[in-house]
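For reference, the structure discussed in these notes is given below.
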Amino acid sequence: MKTADRVAPLTSPRILFLTSSAFNNVTGGGITFTNLFKGWPADSLATVHSDPIPVARDVCEQYFRLSKREINRLGWLRYIPMSAQPNTSPVMEGGKAQQMVVRRTLLKLKTWLFGDGIPQEACLSEALEAWVSSFQPTLLYTILSSNEMMELAEKLRVRYRLPLVVHIMDDWPCAIYRGGLLSFWQRRKKDRLLQHLMNVAVARFAICQDMAEAYEVRYKRSFQWFQNAIDIAVVQRFVKNPLVVGSPIRVAYLGSVFPNAQLQSLVDCCNAVQALYHEGFAIRMEIYSPSHAAEQYREQLVVGPAIRLQDTITDDEVFFRTLQDLDVLVLPVNFDEQTVQYIRYSMPTKVPAYLAVGTPILVYGPAEVAQVAYAKKAGWGMLLTMRDMGALKDALKRLATDMPLRQDLSDRARQMAAAHHDARVVREQFQTALYSASASNVAFS
């Protein structure tokens with residue numbers, strides 16, 4: 012590891028990271044945290060998490076996986092399943108058909124009562140307390156994300172008298188605990204906990220500037236903003252020549268697929284590519300997404316022979332080489348109100364990588380979403396801000412054939428990557444902010 016990668020390693024705060032998304036090379040959150048914390052001394056970083064994705068140990072080596080000892084549902088709620096699929100739980104006796112009937116009934120009851128959430132309690136188990144005490148943290152950094160994670164953050168903060176840093180990745184406070192007869196109770200609890208944690212935090216981070224500005228108004232506290240960053244010097248050898256276009260045209264989306272984020276607009280892109288293919292236009296579309304989440308949408312996405320759905324690319328060399336070899340990248344966002352509310356202020360992990368390579372980008376989504384607004388303001392993407400299949404087909408064709416447009420978009424994208432997303436700059440700013448937060452004097456009642 013180069014000395015320049017470290018920030019004052021001999022005096023680094025001992026960070027306890029509480030998160031639902033740990034360090035990995037698969038998910039957006041995992042990649043973002045890896046890039047922001049790179050170079051932090053491994054013995055000064057420990058993660059408490061509930062992430063089902065296998066963790067990576069190149070940045071953080073110490074992990075505590077949350078279980079029912081720390082996060083649990085009360086009373087009869089613990090018997091409500093997370094899906095309708097049968098299992099071998101002793102409380103679910105009988106054949107598979109009987110189990111599925113029982114599970115579906117419980118799920119319907121859960122949805123009727125609590126909507127998209129379910130009440131859970133958080134506690135400091137003996138195992139967790141022993142693990143944290145052994146690590147001896149000096150700072151608590153967390154992305155929160157639910158009532159139980161907020162409760163756990165507060166318990167850790169008070170128990171170990173830690174300065175708190177909150178980092179918000181998307182506008183989940185406006186989207187969770189909806190529907191259901193009793194969901195209002197969960198929302199009230201969420202609002203109370205979140206405002207309290209915002210008040211007591213010594214630093215608050217947002218994922219982008221738009222979120223920081225909006226949250227300063229909403230929570231009446233100051234916010235900095237940090238998102239994923241790319242080592243621009245390393246990526247230079249993968250820069251795309253936008254005037255070189257293959258035959259067939261290779262269009263691609265790289266990233267996670269969620270129904271409340273980009274699924275429907277990505278389906279639109281697949282349909283548009285398939286329609287062009289049937290019309291005789293030489294074009295193909297490739298989707299690289301974590302299979303554990305994307306496979307369930309295969310029938311919606313793979314609408315014909317022009318579409319391919321593949322697992323995510325976890326190797327950096329292969330990832331950036333693939334971006335370079337592609338002809339058009341798509342950045343889709345759903346147009347429905349629920350999606351806009353949830354990811355209005357989100358900034359996808361893939362954006363800095365897209366920009367740094369310079370492969371021309373089609374941005375397809377509502378204008379009021381931060382990532383679309385960013386593309387419009389900086390001029391690094393071809394925008395389509397209405398849902399129209401004919402216009403989408405025309406946009407894909409133009410982006411594949413208009414060489415001056417391709418050159419202009421590529422140049423602007425690379426300029427923005429160098430100016431705002433260079434990891435050497437962003438990482439230093441992020442880690443310096445953690446140092447400053449650790450040095451804060453915090454009074455505990």
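Throughout, my numbering is defined as the position within the sequence shown, counted from one, plus 11.
Every residue gets a Cβ at the ideal spot worked out from N, C-alpha and C, and that includes glycine.
**Request:** State whether the region 242-262 contacts the region 366-384, with contact taken as three or more CB pairs (one from each stretch) at a distance under 8 Å.
**Result:** By the criterion of at least three beta-carbon pairs nearer than 8 Å, the region 242-262 is in contact with the region 366-384.
**Request:** Please look up how many angstroms separate the CB atoms of Tyr264 and Ile298, rounded, as I've assumed it's under 8 Å.
**Result:** Confirmed, Cβ separation roughly 5 Å.
**Message:** Just to confirm my understanding: we take Ala304, look at its own chain, exclude 5 residues before and 5 after, and list those with CB closer than 8 Å. What are they?
**Reply:** Excluding residues within five positions, the ones whose Cβ falls inside 8 Å are Ser267, Val268 and Phe269.
**Prompt:** Pro343 by DSSP, collapsed to three states: which one?
**Reply:** In the three-state scheme derived from DSSP, where H, G and I count as helix and E and B as strand, Pro343 is classed as strand.
**Request:** Pick out whichever of Thr58, Pro63 and Thr22 has its Cα sitting closest to the Cα of Ala37.
**Result:** Correcting the residue type first, residue 37 is Val in the shown sequence and not Ala. Checked all of Thr58, Pro63 and Thr22; the closest Cα to Val37 is Pro63.
**Asked** Glu140 to Val70, Cα distance in whole Å?
**Response** Rounded to whole angstroms, Glu140 to Val70 spans 23 Å at the Cα level.
**Request:** Report yes if the CB atom of Lys408 is closer than 8 Å to the CB atom of Leu334, and no otherwise.
**Result:** Not a contact, by the Cβ cut-off of 8 Å.
**Request:** Within its chain, find whatever has a CB closer than 6 Å to the CB of Ala53; leave out the 5 residues flanking it on each side and keep chain order.
**Result:** Non-local C-beta neighbours of Ala53 in its own chain, meaning closer than 6 Å and more than five positions away in sequence, comprise Glu72, ordered along the chain.
**Prompt:** Among residues of its own chain, excluding the 5 on either side of Val66, which ones have a beta-carbon nearer than 7 Å to its beta-carbon?
**Reply:** The residues are Ala33, Phe34, Asn35 and Tyr74.
**Item:** Residue ranges of each alpha helix (DSSP H) within the region 168-236, 4 or longer
**Value:** List check, alpha helix (DSSP H) in window: 194-211 and 220-230.
**Request:** Identify, in the order they occur along the chain, each residue of the same chain with its Cβ nearer than 6 Å to the Cβ of Leu56, setting aside the five sequence neighbours on each side.
**Result:** Hits under 6 Å: Ile26 and Cys71.
**Start-to-end residues for the alpha helix (DSSP H) that takes in Ile42** = Looking at the DSSP string, the run of the alpha helix (DSSP H) that includes Ile42 is Gly39 to Phe48.
**Item:** Supposed contact pair Gly390 and Pro343 - C-beta distance, whole angstroms, cut 8 Å
**Value:** Wrong, their Cβ atoms sit about 19 Å apart, outside the cutoff.
**Message:** Using 8 Å as the cut-off, can you tell me whether the region 118-132 makes contact with the region 140-154, which would need three or more C-beta pairs spanning the two stretches below that distance?
**Reply:** They do not touch, by the three-pair rule.
**Asked** Based on the DSSP secondary-structure assignment, which residues constitute the bridge partners of Asn83?
**Response** Looking at the DSSP output, Asn83 bridges to Glu132.
**Request:** Could you tell me the distance, in whole angstroms, from the CA atom of Met427 to the CA atom of Gly39?
**Result:** The straight-line gap from Cα to Cα measures roughly 20 Å.
**Message:** For Phe292 and Glu348, what's the separation of their Cα atoms in angstroms?
**Reply:** Phe292 and Glu348: Cα-Cα distance of roughly 33 Å.
**Item:** Rounded C-alpha distance that separates Arg199 from Met160
**Value:** The straight-line gap from Cα to Cα measures roughly 15 Å.
**Request:** Tell me whether Asn210 is buried or exposed, calling it buried when 16 or more other Cβ atoms sit within 10 Å of its Cβ.
**Result:** It counts as exposed.
**Message:** I'd like the list of long-range same chain contacts for Gly257, defined as Cβ closer than 7 Å, with 5 residues on each side in sequence excluded.
**Reply:** Correct list, in chain order: Asp338.
**Residues bridged to Met296 (per DSSP)** = Beta-bridge pairing links Met296 to Val262 and Ile318.
**Item:** Whole runs of the alpha helix (DSSP H) within the region 351-379, excluding any shorter than 4 residues
**Value:** Those alpha helix (DSSP H) runs which fall completely within the region 351-379 and span 4+ residues are 361-368.
**Message:** Along the chain, where does the beta strand (DSSP E) containing Gln6 start, and where does it finish?
**Reply:** Residue 6 lies beyond the range of the chain shown here (12 to 456); nothing can be said about it.
**Asked** When the Cβ atoms of the region 379-388 are set against those of the region 397-408, are three or more pairs found closer than 8 Å?
**Response** No: the two stretches stay apart, fewer than three of their Cβ pairs being nearer than 8 Å.
**Request:** Could you tell me the distance, in whole angstroms, from the CA atom of Arg261 to the CA atom of Thr412?
**Result:** One alpha carbon belongs to Arg261, the other to Thr412, and they sit about 12 Å apart.
**Prompt:** Just reading off the beta strand (DSSP E) that Tyr152 is part of, what are its end residues?
**Reply:** Where Tyr152 is concerned, the enclosing beta strand (DSSP E) stretches over Leu150 to Thr153.
**Request:** Given a cut-off of 8 Å, decide if Val176 and Ala448 are closer than it, judged by their beta-carbon atoms.
**Result:** Yes; because the gap between Cβ atoms is below 8 Å, this pair is in contact.
**Prompt:** Can you tell me the Cα-Cα spacing of His432 and Gln110, whole angstroms?
**Reply:** The alpha-carbon atoms of His432 and Gln110 are separated by roughly 50 Å.
**Asked** Within 10 angstroms of its Cβ, does Thr443 collect 16 or more other Cβ (buried), or is it exposed?
**Response** Around the beta carbon of Thr443, fewer than 16 other beta carbons sit within 10 angstroms, so the residue counts as exposed.
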